[in-house]
Amino acid sequence: MKKYTFTEKKDTRSGFGAGLLEAGQRNEKVVALCADLVGSLKMDAFIKAFPERFTQVGIAEANMIGIAAGMTIGGHIPFTGTFANFSTGRVYDQIRQSVAYSNKNVKICASHAGLTLGEDGATHQILEDLGLMKMLPGMTVINPCDYNQTKAATIAIAAHEGPVYLRFGRPVVPIFTAPDQQFEIGKAWMVNEGKDVTIIATGHLVWEAIKAGEILEGMGIDAEIINIHTIKPLDEAAILKSVAKTRCVVTAEEHNRLGGLGDSVAQVLVKNDPVPQEYVAVNDSFGESGTPEQLMKKYGLDDAHIVAAVQKVLQRKGK
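With positions in the sequence shown counted from 1, the corresponding number in the working numbering is that position plus 8.
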């Protein structure tokens with residue numbers, strides 16, 4: 009198994025902040041809007057460099073989406089920033105009507121996604137956002153795994169024409185992808201090639217999948233690990249190529265089991281090559297208050313639960 013190490017941990021929201029600054033330096037049409045959460049979204053550097061290209065909307069998320077949609081008419085490329093819960097659930101009607109329906113070039117950038125928001129609890133955590141956003145026609149949905157990949161994704165979506173939902177998080181996580189990577193929307197990243205089982209992970213669960221792969225190697229199980237950073241459009245070819253070899257799949261995501269990456273993968277498999285699949289995801293429930301580590305363990309989103317899912321799917325394959 010290919011070994012991944014890290015020397016530093018950073019939050020993926022800081023990767024967004026660094027990427028937003030660089031995107032602004034590359035293209036004067038890039039503008040930013042925030043709903044009173046500049047510090048949490050790490051937008052400070054962009055604001056310092058381009059104060060005339062920033063709009064503080066205040067706690068008025070629906071207005072922020074409407075303003076952003078209008079700004080695209082003048083050729084601007086607006087990046088909106090607030091918590092994932094407020095970026096999607098609170099403003100879904102505005103996104104559907106003003107952005108997706110009219111195919112506006114708005115980049116909806118959402119921090120503090122999933123359970124790892126932690127102590128703020130269930131009212132601020134959102135586990136349905138990937139499903140909400142991928143159901144909108146024309147919406148690109150991206151969920152990167154570490155600081156470097158989030159920075160690269162932020163720069164890439166500025167050059168992409170059309171609405172995008174970019175999801176990232178609050179906790180510090182290992183940086184294990186290349187700092188100079190070229191982020192290709194819709195193209196899966198092969199983390200490790202293997203022959204016994206396919207593990208398809210996204211976001212914070214990619215590092216957990218890597219740790220699980222090392223445990224499985226010690227058990228004599230050769231796991232193929234794929235990072236699906238783009239939930240939509242989904243790299244169906246990469247999935248089908250892998251399962252043609254391994255004949256079973258585990259999907260891993262910090263999201264509700266219903267409507268997320270696992271369901272997208274299942275649709276691909278049932279239409280093309282049905283094989284056993286197990287889900288590592290939140291089992292149709294809300295979250296609660298706790299540290300990110302406590303919540304990931306309690307809700308079954310850590311390396312140990314990925315290993316258990318692999319063992320279960322291998323038993324099913326054997327039958």
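Glycine is no exception: its CB is placed at the ideal position from the N, C-alpha and C atoms.
DSSP places residue 64 within a strand segment (E or B) once states are collapsed to three.
Judged by DSSP in its simplified three-state form, residue 300 adopts helix. Under the criterion of beta carbons closer than 8 Å, residue 177 and residue 212 qualify as touching, at roughly 6 Å.
For the pair residue 311 and residue 179, the CB atoms are not nearer than the 8 Å cut-off. Judged by DSSP in its simplified three-state form, residue 151 adopts coil rather than helix or strand.
Between residue 193 and residue 174, the CB-CB gap reaches or exceeds 8 Å.
Here residue 14 is exposed: its Cβ has fewer than 16 other Cβ atoms, across all protein chains shown, within 10 Å. Under the rule that a run must span 3 or more residues, the beta strand (DSSP E) segments found entirely inside the region 190-243 read 197-200, 205-209, 231-235 and 238-240. Remark: C-beta atoms of residue 99 and residue 73 approach each other more closely than 8 Å. Checking the DSSP bridge columns, you'll see residue 46 has no partner listed.
For the 8 Å CB-CB criterion, residue 23 and residue 240 do not form a contact. Inside the region 114-187, DSSP marks whole beta strand (DSSP E) runs of 3 or more residues at positions 115-119, 148-150, 172-175 and 180-182, from first to last along the chain.
The Cβ neighbour count for residue 80, taken over all protein chains shown within 10 Å, is at least 16; the residue is labelled buried.
For residue 73, the enclosing alpha helix (DSSP H) covers residues 69-81. In this structure, the straight-line span from the alpha carbon of residue 309 to that of residue 58 is close to 39 Å.
For the pair residue 110 and residue 141, the Cα-to-Cα distance works out to about 15 Å.
With a 10 Å radius around the Cβ and a threshold of 16 neighbouring Cβ atoms, residue 280 comes out exposed.
Within the same chain, Cβ atoms closer than 8 Å to the Cβ of residue 33 are found at 57, the five residues on either side in sequence being excluded. Cβ-Cβ separation between residue 27 and residue 116: approximately 15 Å, too far for a contact (criterion under 8 Å). For residue 85, the uninterrupted beta strand (DSSP E) segment begins and ends at 85-91. The beta carbon of residue 202 is closer than 6 Å to those of 230, 231 and 232 in its chain, skipping five residues each way along the sequence. The C-beta of residue 196 has 16 or more other C-beta atoms within 10 Å across all chains shown, which makes the residue buried. It is roughly 39 Å from the alpha-carbon of residue 10 to the alpha-carbon of residue 97.
Residue environment for residue 93: buried (at least 16 other C-beta atoms within 10 angstroms of its C-beta). Taking a contact as a CB-CB distance under 8 Å, the pair residue 261 and residue 289 counts as one, their CB atoms being some 5 Å apart. Restricted to the region 302-326, the alpha helix (DSSP H) segments that are unbroken, complete and at least 4 residues in length are 311-326, listed in chain order. For residue 271, the enclosing alpha helix (DSSP H) starts and ends at 269-280. Taking 8 Å as the upper bound for CB-CB distance, residue 77 and residue 106 are in contact here, some 4 Å apart.
When beta bridges are read from the DSSP output, residue 19 appears opposite 180. Within 10 angstroms of the beta-carbon of residue 292 lie fewer than 16 other beta-carbons, which makes it exposed. For residue 264, DSSP records a beta bridge to 290. Scanning its chain for C-beta atoms nearer than 8 Å, with the 5 sequence neighbours on each side dropped, one finds around residue 49 the residues 21, 24, 25, 42, 89, 90, 117 and 119, in chain order.
In the displayed model, residue 99 falls within coil according to three-state DSSP, outside both helix and strand.
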